[in-house]
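Novice: Those sequence lines, one after another, are chains A and B. Going by this note's numbering, the first sequence opens with residue 19, and the numbers climb by one from there. Going by this note's numbering, the second sequence opens with residue 566, and the numbers climb by one from there. Can you read through this structure? Questions will come right after.
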Amino acid sequence: MLQKAQLRIQEMAFMIVAVVLFFVLVGLFILSIAYTGLSEEATRIAEDRTLSSIIVLADSPELNCIRKTNCVDGDKFINLIGKNAYLNFWPYSSLRLIKFSGFGKEKDEMLKCTKENYPDCDLIEVFDKGVSNERTVGSFVAFCRKDNKNDAVYDKCEIAKLIAGTKLKK
Amino acid sequence: MRMKKKGVALAFNWIFAILAGGFILFLAIYGAGKFIKTSERAIYTETAASLVGLTDPLETGFASGKAHEISFKKKSRLFFDCDESFRVLGRQRISFSEQTFGDKYGEQGEWITIKDKYIFVERELEAKKIYLFSKPFFMPYKISDLIMMVPASQNYCFHETPETIKESLEGLNLKNIIFKNQTNECEGIDVCFSNKVGCEIEVSESRGTVFKKEKGKKVHYVGDLLYGAIFSSPEIYECNVKRIKKRIDELTKIYLEKIDIIERQDCQSNVREKLQSVMGNLDSSSELINLHSLMKDVNSINRLSDCRLYDDRGFE
Numbered sequence: 019m020l021q022k023a024q025l026r027i028q029e030m031a032f033m034i035v036a037v038v039l040f041f042v043l044v045g046l047f048i049l050s051i052a053y054t055g056l057s058e059e060a061t062r063i064a065e066d067r068t069l070s071s072i073i074v075l076a077d078s079p080e081l082n083c084i085r086k087t088n089c090v091d092g093d094k095f096i097n098l099i100g101k102n103a104y105l106n107f108w109p110y111s112s113l114r115l116i117k118f119s120g121f122g123k124e125k126d127e128m129l130k131c132t133k134e135n136y137p138d139c140d141l142i143e144v145f146d147k148g149v150s151n152e153r154t155v156g157s158f159v160a161f162c163r164k165d166n167k168n169d170a171v172y173d174k175c176e177i178a179k180l181i182a183g184t185k186l187k188k
Numbered sequence: 566m567r568m569k570k571k572g573v574a575l576a577f578n579w580i581f582a583i584l585a586g587g588f589i590l591f592l593a594i595y596g597a598g599k600f601i602k603t604s605e606r607a608i609y610t611e612t613a614a615s616l617v618g619l620t621d622p623l624e625t626g627f628a629s630g631k632a633h634e635i636s637f638k639k640k641s642r643l644f645f646d647c648d649e650s651f652r653v654l655g656r657q658r659i660s661f662s663e664q665t666f667g668d669k670y671g672e673q674g675e676w677i678t679i680k681d682k683y684i685f686v687e688r689e690l691e692a693k694k695i696y697l698f699s700k701p702f703f704m705p706y707k708i709s710d711l712i713m714m715v716p717a718s719q720n721y722c723f724h725e726t727p728e729t730i731k732e733s734l735e736g737l738n739l740k741n742i743i744f745k746n747q748t749n750e751c752e753g754i755d756v757c758f759s760n761k762v763g764c765e766i767e768v769s770e771s772r773g774t775v776f777k778k779e780k781g782k783k784v785h786y787v788g789d790l791l792y793g794a795i796f797s798s799p800e801i802y803e804c805n806v807k808r809i810k811k812r813i814d815e816l817t818k819i820y821l822e823k824i825d826i827i828e829r830q831d832c833q834s835n836v837r838e839k840l841q842s843v844m845g846n847l848d849s850s851s852e853l854i855n856l857h858s859l860m861k862d863v864n865s866i867n868r869l870s871d872c873r874l875y876d877d878r879g880f881e
């Protein structure tokens with residue numbers, strides 16, 4: 019009789035362990051689904067933010083031109099290189115601009131701009147946080163800078179592509 | 566004797582089953598409760614993050630102002646804080662929560678950081694619908710857009726409003742800003758531009774101050790910061806003013822370096838010396854008046870320069 023009771027207790031203990039394990043597994047399954055959705059949602063929000071802000075980025079005070087809309091003032095933009103204050107200011111993982119001279123060139127073929135070689139260069143890279151999983155959004159803008167021809171200063175404008183990256187969460 | 570033994574075994578089984586079952590049930594209910602709370606917080610955090618994105622279209626570009634409204638399914642609470650000393654340019658944070666059962670609100674979601682915007686708002690805002698409007702801020706070049714956020718259910722009654730301010734706000738068609746005259750009725754927060762007694766918010770245009778009676782605090786403003794001073798809590802206003810000053814300094818550095826770049830093309834700007842003098846921290850909004858007059862000098866020089874450094878279309 020005692021053995022039978024012990025057996026029943028053992029059976030019940032096994033059953034309880036099985037039931038707890040079952041609940042734990044179900045919980046883990048639900049959590050994994052929920053958090054997959056959460057990281058996708060976070061990526062979607064971050065991408066939306068990049069997309070919505072890049073449209074208006076060219077009109078932000080650090081980039082905008084005098085009396086022109088959707089225009090990047092190259093003479094200001096070049097000075098954003100190496101400015102730590104702006105590294106985490108915008109919600110991007112990278113920010114760069116490809117000048118017209120860089121269109122159709124591979125990234126390693128482009129001549130990176132510095133304050134010294136500007137404006138005779140192709141790519142102005144403001145910052146790149148070097149994230150491995152990045153999606154970029156580009157927007158075509160006017161790119162204007164002061165130029166001098168026959169001792170007359172004028173605004174020289176050309177087309178350029180402003181590119182911002184978003185870090186994907188997964 | 567046998568009967569007695571059988572009875573004990575059955576009782577033990579039952580007690581064991583009830584205890585174990587109860588424990589499992591407790592775990593399941595506790596887990597479910599925790600899971601619901603976590604999911605709720607996740608949704609609130611996502612909502613706060615989405616709200617930040619919704620302020621992007623308010624960037625004014627060349628416009629003199631923009632407005633739009635956001636409606637929530639349920640009555641919601643928005644929490645704001647501001648930290649001017651966070652990294653170089655400071656930050657604001659937003660958090661969200663909404664009504665669940667009865668008058669109870671869910672647990673506040675995680676804080677979402679905003680670094681590239683200046684939102685002028687009360688520290689806590691409760692509404693089902695909110696109005697947002699933005700105004701560009703120049704000092705003397707464009708510094709940023711100022712975003713004002715107010716609950717749609719809260720009326721603001723403007724008394725003896727100067728024509729320029731009235732025109733500027735009327736163009737945005739905000740339903741809760743009512744310009745009081747002899748014929749219309751208005752119940753809400755009284756905003757007075759004269760020395761009328763009993764107003765919650767007193768604006769002195771000559772001194773450039775806004776006094777909030779309820780909080781007993783006076784803040785100073787220049788230009789369109791007036792709207793920020795009226796519609797936000799004094800703490801958030803002061804913090805945002807300091808953040809704006811830091812942005813002014815960073816922009817000033819960019820303009821100073823621009824002078825070097827354009828000089829290579831024989832484009833001479835005479836503002837360098839004066840522009841260098843505007844750098845430095847701001848202790849409170851009361852120093853805005855001095856900064857404004859300094860910037861006026863910078864602007865006069867820029868206007869006379871052969872090669873203009875910046876666009877001053879919104880600076881007075």
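We put the beta carbon where it would ideally sit given N, CA and C, even for glycine.
(1) If you follow the alpha helix (DSSP H) that residue 26 (chain A) is in, where does it begin and where does it stop?
(2) Going along chain C in order, which residues have a C-beta closer than 7 Å to the C-beta of residue 578 (chain B)?
(3) Measure from the alpha carbon of residue 798 (chain B) to the alpha carbon of each residue in B:685, B:582, B:791, B:625, then state which is nearest.
(4) Would the beta-carbon of residue 768 (chain B) fall within 8 Å of that of residue 762 (chain B)?
(5) For the beta strand (DSSP E) that residue 762 (chain B) lies in, which residues bound it at each end?
(6) Count the other C-beta atoms from every protein chain shown that fall within 10 angstroms of the C-beta of residue 602 (chain B), then say buried if there are 16 or more, exposed otherwise.
(7) Is the beta carbon of residue 843 (chain B) sitting closer than 8 Å to the one on residue 856 (chain B)?
(8) Would residue 90 (chain A) pass as an interface residue toward chain B - the criterion being a Cβ-Cβ separation below 8 Å?
(9) So residue 655 (chain B) and residue 713 (chain B) are in contact, right, with Cβ under 8 Å, and what is the actual spacing, rounded?
(10) Determine whether the beta carbon atoms of residue 531 (chain B) and residue 637 (chain B) lie at a separation below 8 Å.
(11) By DSSP, does residue 146 (chain A) sit in helix, in strand, or in coil?
(12) Rounded to whole angstroms, what is the Cα-Cα separation between residue 597 (chain B) and residue 76 (chain A)?
(13) Do you know how far the Cα of residue 633 (chain B) is from the Cα of residue 99 (chain A)?
(14) Taking a cut of 8 Å between CB atoms, which residues from the region 37-50 of chain A lie near chain B?
(15) Using the Cβ count rule (16 or more neighbours within 10 Å means buried), how would you classify residue 172 (chain A)?
(16) Which whole-angstrom value describes the C-beta separation of residue 559 (chain B) and residue 874 (chain B), a residue pair presumed to lie in contact below a C-beta threshold of 8 Å?
(17) How far does the alpha helix (DSSP H) with residue 863 (chain B) in it extend, from its first residue to its last?
(18) Using a Cβ-Cβ cut-off of 7 Å (strictly less than) and excluding sequence neighbours within five positions of residue 832 (chain B), which residues of its own chain qualify?
(19) Would residue 566 (chain B) pass as an interface residue toward chain A - the criterion being a Cβ-Cβ separation below 8 Å?
(20) Who are residue 156 (chain A)'s beta bridge partners in DSSP?
(21) Over what stretch of residues does the alpha helix (DSSP H) that includes residue 622 (chain B) continue unbroken?
(22) So the beta strand (DSSP E) residue 711 (chain B) belongs to, where does it begin and stop?
(23) Report yes or no: is there a C-beta of chain B within less than 8 Å of the C-beta of residue 144 (chain A)?
(24) Evaluate residue 183 (chain A) with the Cβ neighbour count: other Cβ atoms within 10 Å of its Cβ, from every protein chain shown; 16 or more gives buried, anything less gives exposed.
(25) Note the first and the last residue of the continuous alpha helix (DSSP H) segment covering residue 808 (chain B).
(26) Among A:127, A:153, A:131, which one has its Cα closest to the Cα of residue 115 (chain A)?
(27) Give me the chain A residues within the contact set of residue 600 (chain B), using Cβ-Cβ distance strictly less than 9 Å, ordered along the chain.
(28) Going by the DSSP bridge assignment, what does residue 114 (chain A) pair with across the sheet?
(29) Could you tell me the distance, in whole angstroms, from the CA atom of residue 45 (chain A) to the CA atom of residue 36 (chain A)?
(30) Listing by chain order, which chain A residues have their CB less than 8 Å from the CB of residue 604 (chain B)?
(31) Does any residue of chain A bring its CB to less than 8 Å from the CB of residue 626 (chain B)?
(32) Can a CB atom of chain A be found closer than 8 Å to the CB of residue 652 (chain B)?
(33) If you scan the region 633-703 of chain B from start to end, which runs of the beta strand (DSSP E) of 3 or more residues do you find wholly inside it?
(34) What separation, rounded to the nearest whole angstrom, lies between the Cα atoms of residue 788 (chain B) and residue 868 (chain B)?
(35) State buried or exposed for residue 645 (chain B), treating a residue as buried only when at least 16 other CB atoms are found within 10 Å of its CB.
Specialist: The structure says:
(1) On the first sequence, position 8 is the one that residue 26 (chain A) refers to. Run containing residue 26 (chain A): 20-75, per the alpha helix (DSSP H) assignment.
(2) Within the model displayed, chain C is absent; protein chains A and B are what it includes.
(3) Taking the first residue of the second sequence as 1, we reach residue 798 (chain B) at position 233. The residue with the shortest Cα to Cα distance from residue 798 (chain B) is B:685.
(4) Translated into the one-based positions of the second sequence, residue 768 (chain B) becomes position 203. Translated into the one-based positions of the second sequence, residue 762 (chain B) becomes position 197. It is not a contact, given that the beta carbons lie outside the stated cut-off.
(5) Working through the second sequence from its first residue, we reach residue 762 (chain B) at position 197. Premise fails: residue 762 (chain B) is in no beta strand (DSSP E) and is neither H nor E.
(6) Within the second sequence, residue 602 (chain B) is the residue found at index 37, counting from 1. So residue 602 (chain B) ends up on the exposed side.
(7) Reading the second sequence from its first residue, position 278 is the one you call residue 843 (chain B). Reading the second sequence from its first residue, position 291 is the one you call residue 856 (chain B). Taking a C-beta distance under 8 Å as the contact criterion, residue 843 (chain B) and residue 856 (chain B) qualify as a contact pair.
(8) Translated into the one-based positions of the first sequence, residue 90 (chain A) becomes position 72. Closer than 8 Å: no.
(9) Indexing the second sequence from 1 puts residue 655 (chain B) at position 90. Indexing the second sequence from 1 puts residue 713 (chain B) at position 148. The beta carbons of residue 655 (chain B) and residue 713 (chain B) sit about 18 Å from each other, so the pair does not count as a contact at 8 Å.
(10) Absent from the structure is residue 531 (chain B), since the part of chain B shown begins at 566 and ends at 881.
(11) The count along the first sequence starts at 1 and reaches residue 146 (chain A) at position 128. In the structure shown, the three-state DSSP call for residue 146 (chain A) is strand.
(12) Position 32 of the second sequence, counted from the start, is the residue given in the question as residue 597 (chain B). Position 58 of the first sequence, counted from the start, is the residue given in the question as residue 76 (chain A). Approximately 47 Å, taken between the alpha carbons.
(13) For the purposes of this step, residue 99 (chain A) is taken as residue 81 along the first sequence, with counting starting at 1. For the purposes of this step, residue 633 (chain B) is taken as residue 68 along the second sequence, with counting starting at 1. Their Cα atoms are separated by approximately 35 Å.
(14) Per Cβ criterion, the list reads 37, 38, 41, 45, 48, 49.
(15) The residue given as residue 172 (chain A) occupies position 154 in the first sequence. Within a 10 Å sphere around the beta-carbon of residue 172 (chain A) sit fewer than 16 other beta-carbons, which makes this residue exposed.
(16) Outside the shown range of chain B, which is 566 to 881, sits residue 559 (chain B), and nothing can be said about it.
(17) Walking along the second sequence from the start, residue 863 (chain B) turns up at place 298. Per DSSP, residue 863 (chain B) belongs to the alpha helix (DSSP H) from 853-869.
(18) Residue mapping note: residue 832 (chain B) aligns to position 267 of the second sequence, counting from 1. A distance below 7 Å between beta-carbons, with the five flanking residues on each side excluded, links residue 832 (chain B) to the following residues of its chain, in chain order: 872.
(19) Counting from one through the second sequence, the residue named residue 566 (chain B) turns up at place 1. Any reading at residue 566 (chain B) needs caution, since the residue's pLDDT is 48, under 50, leaving its predicted position unreliable; the model's value is listed next. Not closer than 8 Å to any Cβ of chain A, the Cβ of residue 566 (chain B) fails to qualify, so no.
(20) For the purposes of this step, residue 156 (chain A) is taken as residue 138 along the first sequence, with counting starting at 1. Note: residue 156 (chain A) sits in a beta bridge opposite A:181.
(21) Here the question's residue 622 (chain B) lines up with position 57 in the second sequence. In the DSSP annotation of this structure, residue 622 (chain B) is not part of any alpha helix (DSSP H), being labelled neither H nor E.
(22) On the second sequence, residue 711 (chain B) is found 146 positions in, with the first residue counted as 1. Secondary structure note for residue 711 (chain B): its beta strand (DSSP E) is the uninterrupted segment 707-716.
(23) As a working note, residue 144 (chain A) is residue 126 in the first sequence. No, because no Cβ of chain B sits closer than 8 Å to the Cβ of residue 144 (chain A).
(24) As a first step, residue 183 (chain A) is located in the first sequence; it is residue number 165 there, counting from the start. Residue 183 (chain A) should be labelled buried.
(25) Here the question's residue 808 (chain B) lines up with position 243 in the second sequence. Taken as a continuous stretch (DSSP letters only), the alpha helix (DSSP H) holding residue 808 (chain B) covers 799-828.
(26) For the purposes of this step, residue 115 (chain A) is taken as the residue at position 97 of the first sequence. Of the listed residues, the one whose Cα sits closest to residue 115 (chain A) is A:131.
(27) By 1-based counting over the second sequence, the position of residue 600 (chain B) is 35. Neighbours of residue 600 (chain B) on chain A, chain order: 45, 48, 49, 52.
(28) On the first sequence, position 96 is the one that residue 114 (chain A) refers to. For residue 114 (chain A), which the question treats as bridged, DSSP gives the partners A:143, A:181.
(29) Taking the first residue of the first sequence as position 1, residue 45 (chain A) is located at position 27. Taking the first residue of the first sequence as position 1, residue 36 (chain A) is located at position 18. In this structure, the CA atom of residue 45 (chain A) is about 14 Å from the CA atom of residue 36 (chain A).
(30) Position 39 of the second sequence holds residue 604 (chain B). Chain-order list of chain A residues neighbouring residue 604 (chain B): 52, by C-beta distance under 8 Å.
(31) On the second sequence, residue 626 (chain B) is found 61 positions in, with the first residue counted as 1. It does: the Cβ of residue 626 (chain B) has a partner Cβ on chain A nearer than 8 Å.
(32) On the second sequence, position 87 is the one that residue 652 (chain B) refers to. Yes, contact with chain A.
(33) Counting only runs of 3 or more, we get 656-663, 677-679, 683-685, 689-703.
(34) Indexing the second sequence from 1 puts residue 788 (chain B) at position 223. Indexing the second sequence from 1 puts residue 868 (chain B) at position 303. C-alpha separation (whole angstroms): 19 Å.
(35) Taking the second sequence and counting its residues from 1, the one referred to as residue 645 (chain B) is at position 80. If you draw a 10 Å sphere on the C-beta of residue 645 (chain B), you find 16 or more other C-beta atoms in it, and that means buried.
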